[in-house]
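Heads up, the thing below is written out as structure tokens.
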Amino acid sequence: MSNLHSWWLLAGLFAVANCATQPAQQQSNLPYVKIAPGNEDFAFRFYHQIASEEPGKNIFFSPVSISTAFAFLSLGAKSATLSQLLAGLGFNQKGISEGDIHKGFQSLLQSLNRPKAGFELSLGNAIFTNDQFTLLKKFLTDAKNFYQADALPTNFKKPQEAVKQINNYVQKQTHGKIVDVIKDLDSSVLAVLVNYIYFKAQWESPFNRNYTGNSDFFVDAKTKVQVPMMINDDYYNYYEDKKLSCYVVQVPYKGNVKALFVLPDQGKLKQVEAALGKDVLLKWEQSLEVGKLALFLPRFSMSTSYDVKKILNKLGVTDIFTDRADLSGITGARNLRVSKTIHKAFLNVRENGTEAAAAAVLQIGDRFGVITVKFNRPFVFLIVDYQSKTILFMARVNNPSVEQSQN
Numbered sequence: 352m353s354n355l356h357s358w359w360l361l362a363g364l365f366a367v368a369n370c371a372t373q374p375a376q377q378q379s380n381l382p383y384v385k386i387a388p389g390n391e392d393f394a395f396r397f398y399h400q401i402a403s404e405e406p407g408k409n410i411f412f413s414p415v416s417i418s419t420a421f422a423f424l425s426l427g428a429k430s431a432t433l434s435q436l437l438a439g440l441g442f443n444q445k446g447i448s449e450g451d452i453h454k455g456f457q458s459l460l461q462s463l464n465r466p467k468a469g470f471e472l473s474l475g476n477a478i479f480t481n482d483q484f485t486l487l488k489k490f491l492t493d494a495k496n497f498y499q500a501d502a503l504p505t506n507f508k509k510p511q512e513a514v515k516q517i518n519n520y521v522q523k524q525t526h527g528k529i530v531d532v533i534k535d536l537d538s539s540v541l542a543v544l545v546n547y548i549y550f551k552a553q554w555e556s557p558f559n560r561n562y563t564g565n566s567d568f569f570v571d572a573k574t575k576v577q578v579p580m581m582i583n584d585d586y587y588n589y590y591e592d593k594k595l596s597c598y599v600v601q602v603p604y605k606g607n608v609k610a611l612f613v614l615p616d617q618g619k620l621k622q623v624e625a626a627l628g629k630d631v632l633l634k635w636e637q638s639l640e641v642g643k644l645a646l647f648l649p650r651f652s653m654s655t656s657y658d659v660k661k662i663l664n665k666l667g668v669t670d671i672f673t674d675r676a677d678l679s680g681i682t683g684a685r686n687l688r689v690s691k692t693i694h695k696a697f698l699n700v701r702e703n704g705t706e707a708a709a710a711a712v713l714q715i716g717d718r719f720g721v722i723t724v725k726f727n728r729p730f731v732f733l734i735v736d737y738q739s740k741t742i743l744f745m746a747r748v749n750n751p752s753v754e755q756s757q758n
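Here you go:
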């Protein structure tokens with residue numbers, strides 16, 4: 352196809368966890384309920400694909416950030432391109448229309464972006480377009496209405512200035528935590544779509560910084576590293592899955608968001624990862640029970656960057672990246688394709704800084720009924736918004752001493 356123009360799609364995110372339980376009621380009449388199963392399905396398929404391609408590496412990404420970005424783009428997709436894209440996102444089930452999908456994301460964004468006490472969470476979109484590039488009015492209207500998207504004119508003839516404009520926008524929206532999301536721009540680029548998510552929260556039951564100390568983390572049978580290990584002695588929802596050989600501990604933040612930490616037995620990580628899915632997650636959540644735990648959790652930071660195009664190709668989404676792409680709902684012409692997709696993420700898990708200044712030495716495991724759960728080997732965790740039933744983040748921590756994980 353002649354005069355084929357390129358688009359970039361970026362998804363950047365930042366999450367900070369400042370390390371009891373009150374489940375949010377399901378609001379089944381809200382539109383985001385219809386897209387929850389598809390988003391959940393996409394999250395696990397995306398995780399499995401990364402895990403298979405990056406064995407032994409840390410993983411961290413936001414499935415809802417990626418889903419939102421491509422659902423936003425689907426506003427302009429037509430015919431087979433649209434069908435393939437929605438199927439890849441997990442929306443090929445019966446009983447959900449294209450309108451339901453966009454209304455679902457509209458409702459989800461409104462829910463996630465609503466101010467809440469105790470934590471910050473914002474998810475948003477922007478489209479940077481060539482100042483001589485005309486977008487259809489319907490696309491712009493729907494982008495603003497359903498995806499709260501900012502439309503920003505950009506002079507791509509001056510690529511360095513365009514890169515600076517986009518990076519400054521993402522850096523501002525992620526409170527300075529995602530920087531240099533793009534390094535350069537191809538001369539054929541006419542537009543850049545950006546999705547970002549920012550999350551900062553305090554644990555409902557903080558870890559006391561005074562108790563954090565260096566401890567061994569066993570990366571594999573031959574490798575161990577020293578990491579700062581946080582400790583908390585409190586009541587948590589937990590479950591010992593004997594079939595999958597793992598412990599599951601739910602650690603709540605203030606609000607409706609909770610982290611689900613999954614600790615496989617030594618050598619059982621691949622077995623647990625292979626089983627990860629909607630049914631297993633539901634089983635774990637329904638099997639949780641309250642118990643007194645001595646919880647040991649590493650303090651760590653992680654930075655990741657993924658080529659989403661490569662991963663989506665493996666998940667069956669291909670046309671949108673080729674000259675077969677039909678994105679005529681954006682400009683009215685079929686000369687657009689997505690040339691590059693980047694998902695950049697940063698995670699910081701640490702103690703809550705508001706613990707009391709004076710404390711006695713913590714006694715761990717010396718009282719009847721206290722169960723010690725020590726995350727001193729590779730583990731998996733999810734951060735879930737229980738009001739909207741949305742997986743915000745997924746991670747595999749293979750080595751918490753490795754801060755940078757570029758893919």
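Using our numbering, the final residue of the sequence shown is 758, and nothing's skipped along the way. Cβ coordinates follow ideal geometry from the N, Cα and C atoms, glycine included. The structure presented is a predicted model; accordingly, all values stated were derived computationally and were not measured.
A residue is called buried when at least 16 other Cβ atoms come within 10 angstroms of its Cβ; Arg465 does not meet this threshold and is exposed.
Contact between Phe412 and Met745 holds, since their C-beta atoms are separated by about 6 Å, short of 8 Å. For a cut-off of 8 Å, the C-beta gap from Gln457 to Asn496 is around 7 Å, short enough to register as a contact. One thing to note: Val641 has its Cβ within 7 Å of the Cβ of Tyr586.
Met653 and Leu536 have their C-alpha atoms roughly 26 Å apart. Inclusion of Arg685 and Asp677 in the CB contact set at 7 Å is warranted, their separation being smaller than that value. Residue pairing of Pro603 in beta bridges, as defined by DSSP: Lys609. In the structure shown, the three-state DSSP call for Phe397 is helix.
Gln553 and Gly618 have their C-alpha atoms some 32 Å from each other.
With contacts defined by Cβ atoms closer than 7 Å, Pro510 and Pro649 do not form a contacting pair. Inter-residue distance for Glu512 and Asn749 is about 38 Å (C-alpha atoms, whole angstroms). Along the region 508-559, the beta strand (DSSP E) occurs as fully enclosed runs of 3 or more residues at 540-553, listed in sequence order.
Contact between the region 473-481 and the region 432-449 is absent: fewer than three C-beta pairs spanning the two stretches fall below 8 Å. Shown here, Thr432 sits in a helix according to DSSP, grouped into three states. Less than 7 Å divides the Cβ of Lys725 from the Cβ of Phe647. The residue from Leu743, Pro729, Val735 and Thr741 with its alpha-carbon nearest to that of Lys408 is Pro729. Ranked by Cα distance from Ile452, the first of Tyr383, His526, Asn518 and Ile401 is Tyr383.
One Cα belongs to Val532, the other to Thr505, and the distance between them is close to 16 Å. Taking 7 Å as the cut-off, the Cβ atoms of Ala610 and Phe732 count as close.
In the three-state scheme derived from DSSP, where H, G and I count as helix and E and B as strand, Tyr587 is classed as strand. As the crow flies, the alpha-carbon of Phe395 is around 8 Å from that of Lys629. By the beta-carbon neighbour count (other beta carbons within 10 angstroms, threshold 16), Ala431 is exposed. Excluding its 5 nearest sequence neighbours in each direction, Lys740 has C-beta neighbours in its own chain below 6 Å: Ala387, listed in chain order.
Between Ile529 and Val521, the C-beta gap is smaller than 7 Å, which places the two residues in contact. Scanning Phe550, Asp501, Asn588 and Glu754 for the CA closest to the CA of Asp736 turns up Phe550.
Excluding sequence positions up to five before and after Asn607, its CB lies within less than 7 Å of the CB of Ala375, Asp736, Tyr737 and Gln738, all in the same chain and listed in chain order. For the pair Ser690 and Asn546, the CB atoms are not nearer than the 7 Å cut-off. Between Leu463 and Leu426, the alpha-carbon positions lie close to 21 Å from each other.
Boundaries of the beta strand (DSSP E) harbouring Val735: Phe730 to Asp736, taken from the DSSP string. Here Asn380 is exposed, its C-beta having fewer than 16 other C-beta atoms within 10 Å. Leu486 and Asp670 have their alpha carbons spaced roughly 21 Å apart.
Secondary structure of Ile386 (DSSP, three-state): helix. Assignment of beta strand (DSSP E) within the region 641-699, counting only whole runs of 3 or more residues, yields 651-658 in chain order.
At least 7 Å separates the beta-carbon of Pro615 from that of Val602. In terms of CA proximity to Ile693, Asn518 leads the group Asp493, Leu491 and Asn518.
Gln577 has Asp567 as its beta-bridge partners, per DSSP.
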